[in-house]
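Engineer:
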Amino acid sequence: MKERDPGWLREENETMDTIKISKEAHDLLNHMEGLDVALDEKIAVIIWLMKRMVKKGEYVNG
């Protein structure tokens with residue numbers, strides 16, 4: 004399984020919370036890459052992860 008560059012979801016002016024979500028999303032995609040999972044299912048998992056982090060207070064916008 005080819006490892007993606009950890010910065011592929013980052014922008015220059017992101018907060019640390021956003022980068023933390025990006026890292027978790029990156030790890031999830033790397034894990035799912037080896038599985039037979041459709042792209043829309045991968046996107047759904049990332050949306051679920053972000054919603055969960057918002058509820059837990061780990062992600063605060065702005």
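Each residue of the sequence shown is one higher than the one before, counting from 4 in my numbering.
Positions of the beta carbon are idealized from the N, C-alpha and C atoms, including for glycine.
#1: Using the C-alpha atoms, what's the distance from V48 back to K58?
#2: From the DSSP output, in three-state form, read off A28 for me.
#3: Tell me the rounded alpha-carbon separation between A41 and W51.
#4: Can you tell me where the alpha helix (DSSP H) with A47 in it begins and where it stops?
#5: Considering only residues of the same chain and omitting the five flanking positions on each side of L31, which have a CB-CB separation below 7 Å?
Structural biologist: Short version:
#1: Here residue 58 corresponds to residue number 55 of the sequence shown, with the count starting at 1. Here residue 48 corresponds to residue number 45 of the sequence shown, with the count starting at 1. One C-alpha to the other measures close to 15 Å.
#2: Here residue 28 refers to the residue found at position 25 when the sequence shown is read from its first residue. Of the three classes helix, strand and coil, the one that applies to A28 here is helix, per DSSP.
#3: To locate residue 41, count along the sequence shown from 1; it is residue 38. To locate residue 51, count along the sequence shown from 1; it is residue 48. If you take the alpha carbons of A41 and W51, they lie about 16 Å apart.
#4: Locating residue 47 in the sequence shown gives position 44, counting from the first residue. Taken as a continuous stretch (DSSP letters only), the alpha helix (DSSP H) holding A47 covers L42 to K58.
#5: Residue numbering aside, residue 31 sits at position 28 when the sequence shown is read from its first letter. The residues are V48, I49 and L52.
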